[in-house]
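>
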Amino acid sequence: MTTRNDRRGQGFFDEAQSGLSERVVNIRRVAKVVKGGRHLTFSALVVVGDNQGRVGSGLGKAVAIPDAVRKGVSIAEKTLITVPLKGTTIPHQVEAKYGAAKVLVKPAPPGTGIKSGPSMRVVLDMVGAKDIVAKSLRSQNPINVVRATIEALSQLEELPAQVERETLDEANESQEPVVQEDLEAEEELNDEAEG
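Each position in the sequence shown, counted from 1, maps to that position plus 2 in my numbering.
1) Pair every Cβ in the stretch 90 to 97 with every Cβ in the stretch 61 to 80, then say whether three or more of these pairs are closer than 8 Å.
2) I need the DSSP call for Ala173, collapsed to helix, strand or coil.
3) Roughly how far, in whole angstroms, is the beta-carbon of Pro75 from the beta-carbon of Val57, given that I think they are within contact range, below 8 Å?
4) Within 10 angstroms of its Cβ, does Thr151 collect 16 or more other Cβ (buried), or is it exposed?
5) Compute the Euclidean distance between the alpha carbons of Leu82 and Ala33, then round it to the nearest angstrom.
6) Please list, in chain order, all residues of the same chain as Asp193 whose beta carbon is under 7 Å from its beta carbon, the five residues on each side excluded.
7) Can you tell which of Arg40, Glu24, Ser45, Ala102 has its C-alpha closest to the C-alpha of Arg31?
8) Is the CB-CB distance between Lys243 and Val135 below 9 Å?
9) Let me know the beta strand (DSSP E) ranges lying completely inside the stretch 11 to 61, each 3 residues or longer, listed in chain order.
10) Ser121 lies in the beta strand (DSSP E); which residues open and close that run?
11) If you draw a straight line from the alpha carbon of Thr114 to that of Lys80, how long is it in whole angstroms?
12) Inspect the beta-carbon positions of Met122 and Val147 and report whether they are closer than 9 Å.
13) Return the bridge partner residues of Ala136 from the DSSP annotation.
14) Only counting the same chain, and skipping five residues up and downstream in sequence, which positions put a Cβ closer than 7 Å to that of Ala78?
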């Protein structure tokens, strides 16, 4: 007889191996009405992160809650993004939309803590930010708010490099090439002014 190779009692994944921790944000019971009655399933919104700038979210659906959470963790691990942190906060303000949800995420001075709604707080806590202010401006649906928050944090990756590149391009364009003739003409004008 073969032994069972399952993961009973081990949690959904090995935290020590992956360095990630998980947090369940929302569990919903969903009923599909069929000919024989209602077919009940569960959906679980899970956020995983390493508290050092990596975070992801996943929505798992299954007949049992533990299976839904396990699927959510698996999906979240595949959608991890890296967020550039500046100390205990983020480099600059950012705004993003997902569905009907719109979020505003701003850096805050040290000692402020995480000031946000419950769904956003989980994402910001899992990414490792300690001082940050965030506001949900439209829909309060936890799924859309979490995804909009992750979208906002993913925009942080692109903006600083893009702004730096544009600044360098503008500086290079404003500098006109120095021609030897211009230098000679300038020296003649200086000689005439002195003499």
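Glycine included, C-beta positions come from ideal geometry on N, C-alpha and C.
This is what the structure gives:
1) no
2) Model confidence at Ala173 stands at a pLDDT of 46, short of 50, so the residue's coordinates are unreliable; what they give is reported in the following sentence. Note: Ala173 maps to helix in three-state DSSP.
3) Here residue 75 turns out to be Val, not Pro, going by the sequence shown. Their Cβ separation, rounded to whole angstroms, is 13 Å, which puts Val75 and Val57 out of contact at 8 Å.
4) buried
5) 30 Å
6) none
7) The shortest Cα separation from Arg31 among Arg40, Glu24, Ser45, Ala102 belongs to Ser45.
8) What the structure shows of the chain is the stretch from 3 to 197, and residue 243 is not part of that stretch, so it cannot be assessed.
9) 23 to 36, 39 to 51
10) Note, Ser121: premise wrong, no beta strand (DSSP E); alpha helix (DSSP H) at 120 to 129.
11) Thr114 and Lys80: Cα-Cα distance of roughly 32 Å.
12) yes
13) Val107
14) Val48, Val49, Val50, Gly58, Ser59, Gly60
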